[in-house]
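Participant: In the numbering used here, the protein residues as written are 59 to 451.
Glycine included, every Cβ here is placed at the ideal spot set by N, Cα and C.
Shown below is the structure under consideration.
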Amino acid sequence: MTKKDPPEQLDASALTFPEEGVVEQHVHLGGAVPIHRLFEAAVDRGIRLPVTSYEEFSHLLHRRRDNSGSLEKYLEIYEVAERIQSGPRALRESVLIALNGAARTQGSTMVSLEGEALVPTRAQLPIKALELRLNPMKRNSGGIWDLDRVMLAACSAVSEVKTAYKGRMKAGLIVCLGRDLPMDQNRVLAEKTALWSKQGLPVIGLDLAGAESANTLEDPKNLEEMAEAFAIAGPKVGRTVHCGETRSISLETFKKTLTALKADRVGHPLVVARSYWEDGDPSGLEFLCEHNIVAELCVVSNLLTSAVPDIATYGRLLKLFDEFNVRYTFSTDAPALQKTTLASELQLLLDNGAATPEQLEKSFATAADSSFIPEPRKGSRGKSRWAGSVKAH
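As structure tokens, this is what we get:
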């Protein structure tokens, strides 16, 4: 019986990082505010909740394997968080909490009940930037709040954090269109995204999110309409798309969607691995490599939704991406609702032999290189290889 080597420990002092530090690209605002803060905000504002006690509320919102299991079930409680975060004051407060939390604890593998990092600073990941995504249309209470005022409040929080941290923490907002929204609302969001980015607000990207089954874009008409919306958003913002996480999206639809939307990055593109493992089809992997599209991976959320069945399969996934030269990054997706940090999720990979320190270092470099947050020293950021899709940061 051979003795196994002990798992690697996530010690930042032993890793190499890009000059920008660690950039987390894929975090949803609805999942980035601690559950107790959401409950306190709801009580303060008199918001009606689906449960009567904090214990029930915490149990409802905490994303676990027993109450997730699919993307649809994983997402079903986001409406509660979005309702609590609605309106200019609530949204500004939520963005501040999310950004402060990222700076304070996302680099630590362990966090106290008081929200303090329990790992020495030298061993923490140097989280220096966060791309925070949200759908402002789902935070204006059905039109009660002015969309511009809502987004301006979110942007003011980003500016405040940038000032407070003296440049040590950078941030930007990604506007999410919704697969579950009527197309006219998505078009309004795209028009607003173009306006906000032209006004110099920290709106850095456009995304398509929501349950894939709500609108797979397999219908050419639906895909054409979504492509028009992405084009309306203009050249100043980066483009990312949630696509291929579930079996609702075929490999062919995946490739057509990313082509039509001229995606720079893609969230949870697991269809390319499934197609290779189950059908021997490498075309999805080759497609991502050819177009220099970066895969945004979120370890725990992929396990909770069963998009990836187990941690061993995650190791196979990373090896496959390396084999086909598909670049990837790691993010938490919804750290507060999952009760994780970026450091703890990466430690999970190391503990189970699913990733090596070298793979983590490569992902940090990829995240810095493909970030949508403007970096004057480097000029344009996050470019894929779509003709004519250069972003003017």
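Just how far apart, CA to CA, sit L319 and S111?
Facilitator: Each residue's alpha carbon lies about 44 Å from the other.
Participant: Do V81 and A181 count as a contact pair if the criterion is CB distance below 9 Å?
Facilitator: Taking 9 Å as the Cβ cut-off, A181 and V81 do not qualify as a contacting pair.
Participant: Among the residues of its own chain, which have a CB less than 8 Å from the CB of P415, if the five just before and after it don't count?
Facilitator: Correct list, in chain order: E66, A72, L73, L408.
Participant: How would you call A470, buried or exposed, if buried means at least 16 neighbouring beta carbons within 10 angstroms?
Facilitator: Residue coverage of the chain in this structure runs from 59 to 451, which leaves residue 470 outside it and unanswerable.
Participant: Assuming L157 and I135 form a contact by the criterion Cβ under 8 Å, report the distance between their Cβ atoms to the nearest whole angstrom.
Facilitator: In fact, because the Cβ distance is near 22 Å, the residues do not count as touching under 8 Å.
Participant: Report yes if the C-beta of F115 is less than 8 Å from at least one heavy atom of the ligand FMN; otherwise report no.
Facilitator: Looking for the ligand FMN in the displayed structure turns up nothing, as the structure carries no ligands at all.
Participant: Please determine, among G127, V85, F75, I142, the residue with the shortest C-alpha to C-alpha distance to G40.
Facilitator: This structure does not reach residue 40, given that the chain is present from 59 up to 451, and the question cannot be answered.
Participant: State the Cα-Cα distance for the pair Y334 and G373, rounded to the nearest angstrom.
Facilitator: Each residue's alpha carbon lies about 15 Å from the other.
Participant: Looking at A425 and F388, is the spacing between their C-beta atoms short of 9 Å?
Facilitator: For F388 and A425, yes; Cβs fall inside 9 Å.
Participant: Which same chain residues end up closer than 8 Å to K256 when comparing Cβ atoms and leaving out the 5 residues on each side of it in sequence?
Facilitator: Once the five neighbours on either side are set aside, the close Cβ partners of K256 are G292, K294.
Participant: Once you ignore the five residues that flank S447 on each side, which residues in its own chain have a CB closer than 7 Å to its CB?
Facilitator: Low local confidence applies: a pLDDT of 43 at S447 is under 50, so the model's placement there is unreliable, with the coordinate-based value given in what follows. Once the five neighbours on either side are set aside, the close Cβ partners of S447 are K320.
Participant: Give the straight-line distance between the Cα atoms of D69 and L183, rounded to the nearest whole angstrom.
Facilitator: Straight-line Cα distance between these residues: approximately 8 Å.
Participant: When the distance is taken between beta carbons, is G145 closer than 9 Å to N198?
Facilitator: Yes, they are a contact pair.
Participant: What number of angstroms, rounded off, separates the C-alpha of A289 from the C-alpha of E174?
Facilitator: Rounded to the nearest angstrom, the two C-alpha atoms are 43 Å apart.
Participant: State the Cα-Cα distance for the pair S421 and P92, rounded to the nearest angstrom.
Facilitator: About 26 Å.
Participant: Taking the continuous beta strand (DSSP E) assigned at D238, which residues delimit it?
Facilitator: Neither: D238 is in no beta strand (DSSP E) and is coded neither H nor E.
Participant: Where do the N-terminal and C-terminal ends of the beta strand (DSSP E) with E82 fall, by residue?
Facilitator: Residues 80-86.
Participant: Assign R323 to one of three DSSP states: helix, strand, or coil.
Facilitator: Three-state DSSP puts R323 in a strand.
Participant: Please state whether DSSP places V216 in a helix, a strand or coil.
Facilitator: Here V216 sits in helix by DSSP.
Participant: Given 8 Å as the limit, is there contact between the region 336-350 and the region 395-412, that is, 3 or more CB pairs closer than that?
Facilitator: No: the two stretches stay apart, fewer than three of their Cβ pairs being nearer than 8 Å.
Participant: Locate the alpha helix (DSSP H) running through T390, then write down its first and last residues.
Facilitator: Where T390 is concerned, there is no enclosing alpha helix (DSSP H), given that its DSSP letter is neither H nor E.
Participant: What residue from K314, S128, A272 has the CA that sits closest to A285's CA?
Facilitator: The shortest Cα separation from A285 among K314, S128, A272 belongs to K314.
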